[in-house]
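Count along the sequence shown from 1, then add 847; that gives the number in our numbering. For glycine and all other residues, C-beta sits at the position ideal for the given N, C-alpha and C. Report on one structure; see the data block that follows.
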Amino acid sequence: MHWRQMWPHTLLVAALLYVELSYWSTRSRFGATAQPGSFDNRNWTRERKMQFRDETRRLWHHGFDSYMDHAFPMDELMPKSCRGRGPDWANPSNIGHNDVMANYSLTLVDNLDSFVAFGNRSGFDWAVRQAINYVSFDQDAKPQVFEITIRGMGGLLSAHMFASDLVGNWGFGLPWYRDELLHLAHDLGKRLLPAFETSTGIPFARINLRHGVPPRETFETCTAGAGSLLLEFTALSRLTGDPRFEQVARKAFFAIWNRRTDLGLVPNTINLATGNWLQPEVAGIGAGIDSFYEYALKMYVMTGESEYYDVWREGYAQIMRYSRGPEGFWYRNVGASTGQLASVYIDSLSAFWPGLQVLAGDVENAIRSHLVYWNLWRRFSGIPETFSIASRSGITLGYPLRPEFIESTYFLYRATKDPFYLDVGERVLLDLIRRAKVDCGLSTLSNVQTGEHEDRMESFALSETLKYLYLLFDEDNKISLDHSNLVFTTEGHPISLPKRHLKPVSATSRYFRQKEQNFCPAYQPTRNPPSLLLGESLGLVQSIRSRPDSEYGRFITGLDASVVAPSDERWWDIYGRCEVPQAEEYSFDYVLSIDGSVTEADKNLGPSKVHRVEGGFMIRNITGVKARMTARIDGQGYDVTMLGHHRVLSGQKVFISDPALLGIPGFKSGKQLSRKLAIQLRVRNPATEQQEDLLATTAMFGADPEDVKGTAAFRVGFTSLPITTADPHNVDGCSSHIGRQGTPGAVLVVDRGGCTFLEKLQKAKEAGAAGVIVISDNDEFLNPSIDESEQEYVDAELKDVVLVAVTKSEGHKLIKMLESIVDNSSGLTVEVLPQTLLEDEIKKDEKPQLLYINGKALMNTDIYIHLQPIRSERALAIDPHVEKSKLICGRSRKTSTDVSDKQIDNEEQTSLLDLLNSHASKKRKNIQESNNIDSVNQTTPETLQKTTPIPEDPGPSTRRIPDVVVFDERAKPSIQSVGRGKKGFMSSKINKVIASPNPAQAGQTPDDEVDSGEEESNTRNDKLLHELVHSQLLNNTQAFDPSRGSAKRSRVVAGRLAELADNAKVGQGALSLVAKEQARHAQRVRIGLREKAKQREAKALEEAKTLGNYHPTIKRNFNSSVSNTGKKRRERGLALGIGKFRNGALTLSKDELRLVQGPSDRGARGGKAGKRR
848 MHWRQMWPHT
858 LLVAALLYVE
868 LSYWSTRSRF
878 GATAQPGSFD
888 NRNWTRERKM
898 QFRDETRRLW
908 HHGFDSYMDH
918 AFPMDELMPK
928 SCRGRGPDWA
938 NPSNIGHNDV
948 MANYSLTLVD
958 NLDSFVAFGN
968 RSGFDWAVRQ
978 AINYVSFDQD
988 AKPQVFEITI
998 RGMGGLLSAH
1008 MFASDLVGNW
1018 GFGLPWYRDE
1028 LLHLAHDLGK
1038 RLLPAFETST
1048 GIPFARINLR
1058 HGVPPRETFE
1068 TCTAGAGSLL
1078 LEFTALSRLT
1088 GDPRFEQVAR
1098 KAFFAIWNRR
1108 TDLGLVPNTI
1118 NLATGNWLQP
1128 EVAGIGAGID
1138 SFYEYALKMY
1148 VMTGESEYYD
1158 VWREGYAQIM
1168 RYSRGPEGFW
1178 YRNVGASTGQ
1188 LASVYIDSLS
1198 AFWPGLQVLA
1208 GDVENAIRSH
1218 LVYWNLWRRF
1228 SGIPETFSIA
1238 SRSGITLGYP
1248 LRPEFIESTY
1258 FLYRATKDPF
1268 YLDVGERVLL
1278 DLIRRAKVDC
1288 GLSTLSNVQT
1298 GEHEDRMESF
1308 ALSETLKYLY
1318 LLFDEDNKIS
1328 LDHSNLVFTT
1338 EGHPISLPKR
1348 HLKPVSATSR
1358 YFRQKEQNFC
1368 PAYQPTRNPP
1378 SLLLGESLGL
1388 VQSIRSRPDS
1398 EYGRFITGLD
1408 ASVVAPSDER
1418 WWDIYGRCEV
1428 PQAEEYSFDY
1438 VLSIDGSVTE
1448 ADKNLGPSKV
1458 HRVEGGFMIR
1468 NITGVKARMT
1478 ARIDGQGYDV
1488 TMLGHHRVLS
1498 GQKVFISDPA
1508 LLGIPGFKSG
1518 KQLSRKLAIQ
1528 LRVRNPATEQ
1538 QEDLLATTAM
1548 FGADPEDVKG
1558 TAAFRVGFTS
1568 LPITTADPHN
1578 VDGCSSHIGR
1588 QGTPGAVLVV
1598 DRGGCTFLEK
1608 LQKAKEAGAA
1618 GVIVISDNDE
1628 FLNPSIDESE
1638 QEYVDAELKD
1648 VVLVAVTKSE
1658 GHKLIKMLES
1668 IVDNSSGLTV
1678 EVLPQTLLED
1688 EIKKDEKPQL
1698 LYINGKALMN
1708 TDIYIHLQPI
1718 RSERALAIDP
1728 HVEKSKLICG
1738 RSRKTSTDVS
1748 DKQIDNEEQT
1758 SLLDLLNSHA
1768 SKKRKNIQES
1778 NNIDSVNQTT
1788 PETLQKTTPI
1798 PEDPGPSTRR
1808 IPDVVVFDER
1818 AKPSIQSVGR
1828 GKKGFMSSKI
1838 NKVIASPNPA
1848 QAGQTPDDEV
1858 DSGEEESNTR
1868 NDKLLHELVH
1878 SQLLNNTQAF
1888 DPSRGSAKRS
1898 RVVAGRLAEL
1908 ADNAKVGQGA
1918 LSLVAKEQAR
1928 HAQRVRIGLR
1938 EKAKQREAKA
1948 LEEAKTLGNY
1958 HPTIKRNFNS
1968 SVSNTGKKRR
1978 ERGLALGIGK
1988 FRNGALTLSK
1998 DELRLVQGPS
2008 DRGARGGKAG
2018 KRR
């Protein structure tokens, strides 16, 4: 062979092979995780940020200019074919395209406000003119209501907001602009309104823009599609003055929310005709549900209306409770009614969640959830549509350049200013340039592993993905610096409402939320441990990348160490180990009890225990009250969010006035705590001078370690005591320590469990120990307590020994110090430092009247304990003389029943009867308040005998009708008054139905006589109202028949109300409601219902003929043989369920006839109505 002649050819082949391998490596499974060439560790200077900002803008212009050159005025660009695309007219079932495209220049409309984000004023002017000239919604197309709302209407409204800004707030006002974009949005809104004409208010998923809802359109829709229209529709209504759009969107939103399951979760799919959830009833944060929660929070931000925040607060708590994984990083789909795991998939749409958590103020949880999607991007250079956490593999591998992940990255950077998120943005930008950029724009990746392209460029790739990337690098962008009520819609369109379009807070809302303060804490980055040698109080600030739990995100996504960027290598070790993180419980239920014992929840929570007061709720008896605790966003503890069936809204307080709390050991005369709840222990090793300060909580029995004058050796001001451990076979300290060397005079360290705290202290006392340190098995603060019956024994026998408890983490420090002295003869000593209170350690700004549950501070609680008879709840709440106390509920080994509720129940019964016999007029309220003031200032036996305690009327909106009503004979209504009262039954008061005068008392003024007469009249009318409730409404047994469905029982009650209000004939109330419901259906629905009714009637007829039972059509056979009067009697008899059907005829006895007809229509002497002729 002639090698000298062949070497040039060999070199050429080698070069070609190198180029080919390099090309395919970017499009193979290796190319997905290939590292971008310019990824380095340089600092993020201002110039470098601007460099990447400008590179993002160039990439956006490459995509948008390609659309204008090759696709406009069509909806989307086909980047591989370099041509445009609109609706698939030939294939209407192609919903993947037809749901989005409706022939209205989608990409242009969706990107109008992008020119504002990029600061391009001339480009914005040009784009608005193009939209005005070319966009029309008079199209024979059937898009999805949700998609055309968020893309089309949202884009127009956002652009209108900037174009109409002639004041110059944004600098993009157009002097020639005359609201043309707003008129286009209004036209679109009117074309979408027919979709909301359903019985439930939930809109159809799709609508024809020209012809409305097709006749056979499906009744199936998703939660996000029906409930995520509020931002755009509300802005449209407020800007145009047409309230219809906000009304229908609001109705649809709450129609979804009010159908949530008992767990507070909303499933994915619903039948809009029936309002029933469709199988498999799965709940989560991914596709089909995502933007429902997003719009709940953002509607509150934009409008300030608190009902939307209530939805977000409750919905978020339940998602964190049931959907969040145990480690707190990923969110799974669960059964909406069971809370059980339903799937192990996460989808790319759920990557929006960390950004929403940032908006809500929960930055710590946002950091964790973002790390999962970041590691997915590191692995695939994109995020697959679906990914399995169980198998750690991609399931649906397409990536249409979705924006959710970079949106969350942008929000996290704005909140933390951690340059780690700029590194993330750089990686995303370079991957998009490397993998998605083609000659005619940006192409969807059909497979993130192979890098294959799909001939499509979704409009959100420009309007959201690259917009958020640009804002990430543009530090001083005016949109990012805006601190008004501006929000990004789910399509990335910035929208806000000027103050003139915001609704004022209602008086009712101010009444219930006068203390509402929704603030989120400033982000506090993690720090390295401080250097004791340098005397540092705080260590160096850590980046997100160096967090101890950051590697867990890599682990659960299956990211192999071989694809970790070189810049990250210093943060990990292939032989290293990371502890699996455990998320703190976000929401939990707890049944309250006096002594912390396990108590059954009271399922019939009445006003004797919990009732509504101004500013929140009052608990007068905590035993058996089931409360839900939810973590606060500000990290200061928990809030009570549920009391039985009562929802405690944001800004409301829970006032606790249960006198039984005074019996808890540790209270002084029922008012103040007799000892501090926490102490500081200093453990020292005299040989090495090593020391450790531990926070310990005190027991509510035994000696007080803070009592300087006490007899205990283990206390403040006493010398250091030696520490010893229990026998290895007696680590819990439940057996005898007698004979154990070193125990007398020492402080014994034992583990929690095995026996009660009291028994641990007894065993230590018997061995001569000075005290006990109990190491807990968790990190919750606990103040051990005892039963009241044991207090006398403790005071006599254990008054000079101390028991304290430390948490698991604090105990770990103590154990490490104990291990350090095993190999030498030195020992540890401990002393009590009088420094830190538990309140100061948990949170310095907590007030001493809070309730604690197992060490968790309930921030919206106030404990008011009053030793005198309670006269007025509101007077009690504001009385400055009432002292406040603080309760620590520990767990006890016994269930205490010493505290009886009988006396309280008797007082409540008396209060209810007094409430029934009184009406709160202004004069009587003033007299009552003045009496209360007098009774506080001067309480003598004489005044106590003269003054009758009268609880304040909580108002008609909160009063509960008693189960049993006792009537005064003097106020007993006549038959005539009852007959007249039926017509006014549902009014708040029946004014002067009985006008019998009440003689004025001696010495009364004319004004007093008028007020007294009005009070007595109101009292009689209230009694009449209660009598009508019980005798006319609640006597219908069908309304409480458990064998009937809940819907039927509700319909019976509603029908009975309609009958009593004379809105329906007697016996026809339920049927009239059915008729009204059917009348609201569309014509095709009514026809279908009538057909179904005919089929049921025919089936019932056949069954009746077979069994010989009554049926209306059979009755026609004998109608002609009886009189018309008899026919009416039979019908009335059948309606009342009486009579017997024999031989094809209905037989009524004389007694039954009298029951049906009532009194005879003939007089006693044969005349009409008893009159003589």
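- So what does Phe-1435 bridge to, in DSSP terms? Met-1476
- Check Thr-1263 in the structure and name its three-state DSSP category. helix
- Message: Contact between the stretch 1578-1587 and the stretch 1543-1554 is defined here as three or more beta-carbon pairs at a separation below 8 Å; is this criterion met?
- Response: no
- Query: How many angstroms separate the CA atom of Thr-1243 from the CA atom of Val-1181?
  - Reply: 20 Å
- Task: Tell me whether Ile-1633 sits in a helix, a strand or coil according to DSSP, three-state version.
- Result: coil
- Any beta strand (DSSP E) of 3 or more consecutive residues that is wholly inside the stretch 1033-1084: 1067-1069
- Please work out which residues of its chain come closer than 7 Å, Cβ to Cβ, to Ile-1480, disregarding the five sequence neighbours upstream and downstream, and give them in chain order. Ala-1207, Gly-1208, Asp-1209, Cys-1367
- Item | Candidates Ile-1193, Thr-1070, Val-1679, Arg-1467: closest to Ala-1237 by CA position | Ile-1193
- Note down, one range per segment and in chain order, each alpha helix (DSSP H) of at least 4 residues found wholly within the stretch 1226-1306. 1251-1263, 1267-1282
- For the 8 Å Cβ check, are there 3 or more pairs between the stretch 938-954 and the stretch 906-924? yes
- Task: Please list the segments of the alpha helix (DSSP H) lying wholly inside the stretch 1102-1179, counting only runs of 4 or more residues, in order along the chain.
- Result: 1137-1150, 1153-1165
- Kindly provide the ranges of any beta strand (DSSP E) runs that are 3 or more residues long and lie completely inside the stretch 1518-1580, ordered along the chain. 1525-1532, 1537-1545, 1568-1572
- Query: If you follow the beta strand (DSSP E) that Phe-1502 is part of, which residue opens it and which one closes it?
  - Reply: 1500-1503
- Task: Return helix, strand or coil for Glu-1688, following the three-state DSSP convention.
- Result: The predicted position of Glu-1688 is uncertain, since its pLDDT is 42 and thus under 50; no value can be drawn from it.
- Task: Just mark Ala-1842 as buried or exposed, buried being the case when its beta carbon has 16 or more other beta carbons within 10 Å.
- Result: Low confidence applies here, because Ala-1842 scores a pLDDT of 36, under 50, leaving its location unreliable and the question unanswered by this model.
- Query: Taking the Cβ atom as the reference point for each residue, do Ile-1103 and Thr-1070 lie within a distance shorter than 7 Å?
  - Reply: yes
- Kindly list the residues whose CB is nearer than 6 Å to the CB of Asp-922, restricted to its own chain and excluding five residues on each side of it in sequence; keep chain order. Gly-933, Met-948, Leu-953
- Any idea what DSSP makes of Lys-1456, helix, strand or coil? coil
- From Ser-1343 to Gln-1389, what does the alpha carbon distance come to, in whole angstroms? 36 Å
- Query: Buried or exposed: which applies to Ala-958, given that a residue is buried once 16 or more other Cβ atoms fall within 10 Å of its Cβ?
  - Reply: Just to set this straight, residue 958 is Asn in the shown sequence, not Ala. Flag for Asn-958 reads buried.
- Query: Per DSSP, which one or two residues make a beta bridge with Ile-1342?
  - Reply: Val-1334
- Message: Once DSSP output is grouped into helix, strand and coil, what is the label at Leu-1318?
- Response: helix
- Which listed residue (Val-1445, Ser-961, Thr-1470) has its alpha carbon closest to that of His-1007: Ser-961
- By Cβ distance, which residues of its chain are closer than 6 Å to Thr-1488, with the 5 residues on each side in sequence left out? Arg-1475, Thr-1477, Val-1495
- Task: Over the uninterrupted alpha helix (DSSP H) stretch that includes Thr-954, give me the two end residues.
- Result: 953-957
- Item | Outcome for Ile-1317 when other beta-carbon atoms lying within 10 angstroms are tallied against a minimum of 16 | With the sequence shown as reference, residue 1317 is identified as Tyr, and Ile is not the correct amino acid for it. When all chains shown are included, Tyr-1317 counts as buried.
- Message: Suppose you measure from the CA of Ser-1434 to the CA of Asp-1109; what does that come to, to the nearest Å?
- Response: 15 Å
- Query: Nearest CA to the CA of Gly-1272: which residue from Gly-1902, Met-897, Ala-1611?
  - Reply: Met-897
- Sufficient close CB pairs (3 or more, under 8 Å) joining the stretch 1300-1309 to the stretch 924-943: yes
- Query: Do Gly-943 and Leu-1289 have their CB atoms nearer than 7 Å?
  - Reply: no
- Would you be able to state if there are at least three C-beta pairs under 8 Å between the stretch 1044-1058 and the stretch 986-997? yes
- Query: Could you give the C-beta distance for Gly-1902 and Ala-1917, rounded to a whole number, given that I count them as a contact under 8 Å?
  - Reply: 3 Å
- Would you be able to state if there are at least three C-beta pairs under 8 Å between the stretch 1217-1232 and the stretch 1245-1253? yes
- Message: Within 10 Å of its beta-carbon, does Asn-890 have 16 or more other beta-carbons around it, so buried, or fewer, so exposed?
- Response: exposed
- Message: Taking its Cβ as the centre, do 16 or more other Cβ atoms sit within 10 Å of His-1340, making it buried, or is it exposed?
- Response: buried
- Query: Roughly how many whole angstroms lie between the Cα atoms of Tyr-914 and Gln-1930?
  - Reply: 43 Å
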